[in-house]
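Number of protein chains: 2
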Amino acid sequence: MTQAPPKAQPENPLPQRRPRADSQRNEEAVLEAAKCVFATSGVDAPVREIAARAGLGIGTLYRHFPNRSDLIAAVFRREVDACAEEAQRLAAEHPPGEALMRWLHRYTAFIATKRGLAAALHSGDPAFDALPAYFQAHFEPALGALLAAATATHEIRPDVAPYDLLRAIGNLSTASGADGADHTRRMVGLLLDGLRYGAGAPPPKAAP
Amino acid sequence: MTQAPPKAQPENPLPQRRPRADSQRNEEAVLEAAKCVFATSGVDAPVREIAARAGLGIGTLYRHFPNRSDLIAAVFRREVDACAEEAQRLAAEHPPGEALMRWLHRYTAFIATKRGLAAALHSGDPAFDALPAYFQAHFEPALGALLAAATATHEIRPDVAPYDLLRAIGNLSTASGADGADHTRRMVGLLLDGLRYGAGAPPPKAAP
DNA sequence: CCGATATACGGAACACCACTCCGCTTATCA
DNA sequence: TGATAAGCGGAGTGGTGTTCCGTATATCGG
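These protein sequences, in sequence, are chains A and B.
For the first sequence, our numbering begins at 33 and goes up steadily by one.
For the second sequence, our numbering begins at 33 and goes up steadily by one.
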């Protein structure tokens, strides 16, 4: 009597049906729409606006992201992934020094779009708790590889840790106000010149 | 015909009646209530909560502060005033070195309550535009006087600018996370020890 | 190929927010 | 001590994030 009937019991622990294709497509559409809306209107943009841009109902959006902060966190992770992957691509397509410089500018652009998000990070919402670790786990190896390659060719000095550089650029980018963007660009440029300052020797092979 | 009637025209440019006593009392009550509510619930606390704590209607609150950000800015200015005034009080009641250290800890406490506000400052709301200047205009002379006095008695090194110290403590206080408060306290302590490091000589009179 | 059914969709409805409006109250002053 | 302008209170407005549930549809056993 306490046993389940012989059949017609849906297996709870292992749902067998593969996820619906439209569901995956819609989640993708929401993320893409949210990325655009956050970029243009900031992270405080209404959820309805995102749903509208994705061409979906609000209910659908909330099915995929139970609340606003989950959506913000998902978009953030997605952009971290994209930026970190670009490090590999740049390393494959350019010489080490140039790949490094290109990526650091790419990273600066990434940080620049995260002004509002930095504030949200300190809001205490548990959805954001894991983001700093995610950030570090992806960017530190990405930059580490670029730095190692550029160090090996003596294009940059060898004594700069990836994490320090990530943080320094992040902090420089918090400068805001009238000429905030300009000030950031100049200061980051100065920092990157500093990277090249103590290099061993410009050409690939030159050792006494 | 186009002229005004000979009398009974209220003078527009110079309102003669002195402001009503209850109005001043209520404005004061709103500021005090807002200070408490912001401290306990953060700057995102509902306006209704502040009005309720002040024992007033919402309309009354909005009569004094046309919108939320005006109220936040007013509370901020008020706390800046209180903290800056305390510098004078401490200078009068303690020897220069101790007055300086006590005030810097007071300032650190002030900064600690401004986590959410720092985010609001970058929100683009024009009500906050003048706050950084207000901040600097009050704190720089306050700290400058304390530093000068402590430098004169050789209790601290003479080469630290007030503005740098204010900013450094502010930036150290942005460290958040698991042990954010603790980390801030340790780092600020270290910074203040650094202040004493290069002093000329401990006692007031000792010159070779 | 074709129902059966779990899964996903859509948007009306809800709770809460900042902010407005206007009839009523009250402090000020002649 | 009125007359009257200034101030007060809170219901109302418009907009937000989030929930709920009837409807539509992709998947899969037959």
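Backbone N, C-alpha and C define an ideal beta-carbon position, used for all residues, glycine too.
Quick caveat: nothing in here was measured; it's all calculated off a predicted structure.
Could you check what DSSP says for R228 (chain B) in three-state terms: helix, strand or coil? Correct three-state label for R228 (chain B): helix.
Work out the CA separation of L198 (chain A) and A144 (chain A) for me, nearest whole Å. About 13 Å.
With 7 Å as the C-beta to C-beta threshold (strictly closer), list the residues of the segment 142-160 of chain A near chain B in chain order. For the segment 142-160 of chain A, residues whose beta-carbon sits nearer than 7 Å to a beta-carbon of chain B comprise R147, A151 and H154.
At what residues does the alpha helix (DSSP H) containing D196 (chain B) begin and finish? P194 to L204 is the span of the alpha helix (DSSP H), which, as asked, contains D196 (chain B).
Nearest-angstrom Cα distance between I244 (chain B) and P51 (chain A)? Within the shown structure, residues of chain B are numbered from 33 to 240, placing residue 244 (chain B) beyond reach of any answer.
To which residues of the same chain is L88 (chain B) closer than 8 Å at the C-beta, ignoring the five residues directly before and after it? The answer, listed in chain order, is N58, A61 and V62.
Residue from B:T140, B:A141 and B:L163 with nearest C-alpha to A151 (chain B): Answer by Cα proximity: B:L163.
C-alpha gap between G148 (chain B) and G74 (chain B), whole angstroms: If you take the alpha carbons of G148 (chain B) and G74 (chain B), they lie about 7 Å apart.
With a CB to CB cut of under 7 Å and the five nearest residues on each side skipped, what residues in its chain are close to P190 (chain A)? By the criterion of a C-beta distance shorter than 7 Å, P190 (chain A) is surrounded in its chain by T183, once the five residues flanking it on both sides are discounted.
Check whether P128 (chain B) and A193 (chain B) have beta carbons under 9 Å apart: The answer is no: Cβ separation not under 9 Å.
Given a cut-off of 9 Å, decide if A86 (chain A) and E111 (chain A) are closer than it, judged by their beta-carbon atoms. No. Outside cutoff.
To test your reading of the DSSP string, which unbroken beta strand (DSSP E) runs of 3 or more residues are found completely within the segment 149-177 of chain A? Unbroken beta strand (DSSP E) stretches of 3 residues or longer found wholly inside the segment 149-177 of chain A: none.
Is N99 (chain B) close to chain A, meaning its C-beta is less than 9 Å from at least one C-beta of that chain? Not an interface residue.
Backbone CA spacing between E130 (chain B) and A66 (chain B) [nearest angstrom]: Answer to the nearest angstrom: the Cα atoms are 32 Å apart.
Among A:R100, A:H186 and A:L222, which has the Cα closest to the Cα of I201 (chain A)? If you compare the alpha carbons of A:R100, A:H186 and A:L222 with that of I201 (chain A), the shortest gap goes to A:L222.
Nearest to R100 (chain B) (by Cα), restricted to the options B:F160, B:L132 and B:L224: Selection B:F160, B:L132 and B:L224 evaluated against R100 (chain B) yields B:F160 as nearest (Cα-Cα).
Quick one: is N58 (chain B) near chain A, going by C-beta distance under 9 Å? False, the Cβ-Cβ gap to chain A never drops below 9 Å.
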